[in-house]
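Engineer:
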Amino acid sequence: MLLPREFVAYLSRQIVRRLSGTTIESSAPDRIVELVTNLITEELNAEDALNDEVRDLLEQYSDYMRKEGVSYQDMFRKIKSTMITQRKIVKAAGRDTGDAMKLSRDKVTDISHKLMTAMRKSRDMRLKKDQNDARLDIVKAFTEILVVEEKADRASRDKVRTMKKDIPEGSEEWDILQKRFYGEELKKFGIDTTK
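Reminder that position 103 of the sequence shown reads as 485 in the numbering used here, one-by-one numbering, no gaps.
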């Protein structure tokens, strides 16, 4: 998943906290947080499932690709792009589209529309603003939090890269160190994913 599960939970809590009082009114904010968390997780898992499907497909043609000298990464991008278009999925990865965040602006907008639909159906809250204004508040909160998360992620990766010992990116050691540094960097920005 593009965002760690703990961060998705934090993100959901922060979105609901920022919207409460001015944009939404709820007698059960925990249920709204759960609704937001589930929707974001579902959206991110959809792309993970698509990635797995593309990998499975490419595995069937690995011998052919090796013989013909076809790049795995190029084929992965082409097949995924085709499947995204066919299934009308909004691409989640922001870095692929030039966005500064892990999630693309299009994906944040798509999630905001889906959140508005889900929130309107919820009996646990009511909107205090026009629907589009409320959706824009969601996008703003989402984006502000993701910008900080991106800074923490970039700083944690830089820390691992600048270590005296050369650690290959993607290795188990890299992942462990990056995750530890990521948590430290989030705390520097005042983000505690446990709260």
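Just so you know, even glycine gets a beta-carbon here, dropped at the ideal spot from N, CA and C.
Quick one: what's got a C-beta closer than 7 Å to residue 500's C-beta in the same chain, skipping five residues either side?
Structural biologist: Here residue 500 refers to the residue found at position 118 of the sequence shown. Closer than 7 Å at Cβ, skipping near neighbours: 417, 421.
Engineer: Go ahead and label residue 444 buried or exposed: buried means 16 or more other beta carbons lie within 10 angstroms of its beta carbon, across all protein chains shown.
Structural biologist: Here residue 444 is taken as the residue at index 62 of the sequence shown, counted from 1. It is exposed - the Cβ of residue 444 has fewer than 16 other Cβ atoms within 10 Å.
Engineer: Quick one: complete alpha helix (DSSP H) runs, 4+ long, within the region 510-544?
Structural biologist: 513-543
Engineer: Using CA atoms only, rank isn't needed, just tell me which of 390, 383, 384 is closest to residue 576.
Structural biologist: Along the sequence shown, one-based indexing puts residue 576 at 194. Cα-wise, what sits closest to residue 576 is 390.
Engineer: List the endpoints of the continuous beta strand (DSSP E) containing residue 406.
Structural biologist: To locate residue 406, count along the sequence shown from 1; it is residue 24. Where residue 406 is concerned, the enclosing beta strand (DSSP E) stretches over 406-408.
Engineer: Going along the chain, which unbroken runs of the alpha helix (DSSP H) with 4 or more residues stay wholly within the region 427-457?
Structural biologist: 444-450
Engineer: Please list the terminal residues of the continuous alpha helix (DSSP H) segment that includes residue 492.
Structural biologist: Mapped onto the sequence shown, residue 492 falls at position 110. Its alpha helix (DSSP H) spans residues 487-503.
Engineer: Under 8 Å Cβ to Cβ from residue 535, same chain only, skipping five residues before and after it: list those, please.
Structural biologist: Numbered from its first residue, the sequence shown carries residue 535 at position 153. If we look at residue 535 and ignore the five residues flanking it on each side, its Cβ neighbours are 484, 564, 567.
Engineer: Would you say residue 405 and residue 516 are within 8 Å of each other, going by their C-beta atoms?
Structural biologist: Working through the sequence shown from its first residue, we reach residue 405 at position 23. Working through the sequence shown from its first residue, we reach residue 516 at position 134. Their beta carbons are under 8 Å apart, which means residue 405 touches residue 516 by this criterion.
Engineer: Helix, strand or coil: which one does DSSP assign to residue 402?
Structural biologist: Taking the first residue of the sequence shown as 1, we reach residue 402 at position 20. Here residue 402 sits in strand by DSSP.
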